[in-house]
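Right, one structure below, let's go through it.
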Amino acid sequence: MEAIEHPPIFSLPGIPDHVTYTWIVMIILAGLAFVASRRMDLVPRGTQNFLEVVLEQFQALIDDVIGPEGRPYLPLIATLGLFILTGNLLSLIPGVAGPTANLNTTAACAIIVFVSYHAIGIRRQGFVNYFKHFMGPVPLLAPLMIPIETISHLARPLSLSLRLFGNMTGGHILLAIIFFLMGLDGLIGWALSGSPAGAIVGGVGGLIMIVFTVGFLYPLKILVSVLQAFIFVMLTMLYIAGATEGAEHHHAEHH
Amino acid sequence: MSRSLMLALGAVFAFPGLAAAQGPAAATGGWVGPFAVIAAGIGMALAAGLCGLGQGRAVAAAVDAMARQPAAAARIQTAMIIGLALIESLAIYVLVVAMILLFVQPIKG
Chain A
3 MEAIEHPPIF SLPGIPDHVT YTWIVMIILA GLAFVASRRM DLVPRGTQNF
53 LEVVLEQFQA LIDDVIGPEG RPYLPLIATL GLFILTGNLL SLIPGVAGPT
103 ANLNTTAACA IIVFVSYHAI GIRRQGFVNY FKHFMGPVPL LAPLMIPIET
153 ISHLARPLSL SLRLFGNMTG GHILLAIIFF LMGLDGLIGW ALSGSPAGAI
203 VGGVGGLIMI VFTVGFLYPL KILVSVLQAF IFVMLTMLYI AGATEGAEHH
253 HAEHH
Chain B
3 MSRSLMLALG AVFAFPGLAA AQGPAAATGG WVGPFAVIAA GIGMALAAGL
53 CGLGQGRAVA AAVDAMARQP AAAARIQTAM IIGLALIESL AIYVLVVAMI
103 LLFVQPIKG
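Those protein sequences? They're chains A and B, same order as listed.
Heads up: the first sequence begins at 3 in the working numbering, then just goes up one per residue.
Heads up: the second sequence begins at 3 in the working numbering, then just goes up one per residue.
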C-alpha cells in the first residue's frame, strides 16, 4: 500500500502510524470529554450540550434496538461509535493516516465486540443456558447446528473488522488512484511551469480535478465514514441484543 | 459474440505469460504477478457488479415498502441500511482479497 499512498506527514519514529493516530483520536475524544465535564451545568451549554445530544442519540438507538435493558452497555457502544467515527473523519484530512484504515485497529474493535457480547450473554443467562442456544431448537439437529453456529459467530468479528477496514482503505485507494491516474501533481506542475498552454490546460485540468474531488468524492467519503460508524455500532447492538434476547425469551417461557 | 469473448479471454490469458517471458520478470517474481493483477481486476469487477444488483433489489424493495407505509419509513430505512452493509461486505471481502493479491503478494510464482 505504500506504493500508492503517501506516508503521513506527522509520524513518531519507531511507532506504527495507525497507533500514533489512534492516540491522536484518543486525545481529541478525551479532551472533548474533559472540556465538556469540567463545569457541568444543569442547563448544558457549548461542548457539554453537544456531547449530551450525541450521547442521547446513542441512547435512543440502544433503546430502539436492545430495549431499556441495554442501557448499561451505553459506555461500550458509544465509545466504539465515537472512536470509529472520529477515526474515520480524521482520515479524511490530507496527510493523516486514518487509524480505522488499518486492519489492526478494526480487528481490535471487532474482537472487543466479540468478547463483550459473549460475556454479556453468559452473564445474563449463565454459561450453560447461553451455550444451549448454540444447539438450536431441536436436540436432534444439535450436531448440525453447533458447527454452523460456531462458524457464524466466528465470522462476525471477521466481517465487522473487514467491512470497516475495506471501506476506509478502499476510499483512500480510490482517492490516491484518482490523484495518481489523472496526474494532479503533473497538471499542477504544468500549470506552474510558466508556458501559456501549460498554464491553461494544466490550470483547467487541475481545477476540474479539485472540484471533482472536493465536490463529489469528499462528500461521498464523509457519508461512508458516518455510515460505517453507524453500521458498526448498529451491528454491535444487534449482537448484544441477540445475546440478551434469549434470556428474556427464556424468562417469558417460565412464567 | 462468443468468439470475440474467447478471443478476449485468450488474449487475457496469453498476454501476461508472454509479457512475463519477454520482460525482465525474473527480478519481480515470475508469472504469478501479472495474473494476480488481472485476477484482482476481474474479481473486483464481478463483485462490484453483482453487489450492485443485490443492493439494487434491496433498495427497490425498501423504497416500495416505504411508499406503501410511510409511517414505518424510519424502521425500514434502518433495516435497509443494515442489509446494505451486509450485502456490501461481500464486495468488501473481494476488495480485501484483491488488495492482498496486489500489495501483499503472498504467492510467488
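Note that beta-carbon positions come from the ideal geometry of N, C-alpha and C, so glycine has one too.
For VAL98 (chain B), a Cβ of chain A is located within less than 8 Å of the residue's own Cβ.
The three-state secondary structure of ILE109 (chain B), taken from DSSP, is coil.
Runs of the alpha helix (DSSP H) spanning 4 or more residues and lying entirely within the region 52-115 of chain A occur at 76-92, in chain order. Contacts with chain B (Cβ-Cβ distance below 8 Å) from the region 184-206 of chain A involve no residue at all. GLN71 (chain B) sits in coil when the DSSP states are folded into three classes, being neither helix nor strand. Counting every other CB atom within 10 Å of its CB across the protein chains shown gives LEU87 (chain A) a total of 16 or more, marking it as buried. Taken through DSSP and simplified to helix, strand or coil, GLY207 (chain A) comes out as helix.
Burial state of ARG165 (chain A) is buried, judged by a 10 Å Cβ sphere holding 16 or more other Cβ atoms. Rounded to whole angstroms, the gap between the alpha carbons of ALA60 (chain B) and LEU86 (chain B) is 7 Å.
Only exposed fits ALA76 (chain B), as fewer than 16 other CB atoms lie within 10 angstroms of its CB. Annotation: the continuous alpha helix (DSSP H) that includes ASP187 (chain A) extends over 186-193. Three or more Cβ pairs closer than 8 Å define a contact, and the region 115-123 of chain A falls short of that threshold against the region 92-106 of chain A. Comparing C-alpha distances from ALA49 (chain B) to each of B:GLN107, B:ILE94, B:VAL106 and B:LEU104 shows the shortest one belongs to B:ILE94.
Per DSSP, TRP33 (chain B) lies in no alpha helix (DSSP H) segment and is marked neither H nor E. A residue is called buried once 16 or more other Cβ atoms fall within 10 Å of its Cβ, and LEU143 (chain A), having fewer, is exposed. DSSP, read as helix, strand or coil, puts PRO145 (chain A) in helix.
When DSSP states are grouped into helix, strand and coil, PRO221 (chain A) belongs to the helix group. It is roughly 45 Å from the alpha-carbon of THR238 (chain A) to the alpha-carbon of ILE190 (chain A). Contact between ILE233 (chain A) and ILE84 (chain B) holds, with the beta-carbon distance rounding to 7 Å and staying under 8 Å. Sequence-distant Cβ neighbours of GLY123 (chain A) in its own chain, meaning closer than 6 Å and more than five residues away, are TYR132 and ALA245. The DSSP-derived three-state label of VAL140 (chain A) is coil.
Separation of LEU14 (chain A) and GLY89 (chain A) (C-alpha to C-alpha, rounded to the nearest whole angstrom) is 18 Å. Nearest neighbour of CYS53 (chain B) by Cα position, chosen from B:LEU97, B:ASP66, B:ALA81 and B:ALA74, turns out to be B:LEU97. Neighbourhood of MET68 (chain B) in chain A, by CB distance below 8 Å: empty, with the nearest CB roughly 18 Å away. With a cutoff of 8 Å on beta-carbon distance, ALA193 (chain A) and GLY208 (chain A) are scored as near each other. With respect to GLY32 (chain B), LYS110 (chain B) sits close: the two C-beta atoms are nearer than 8 Å.
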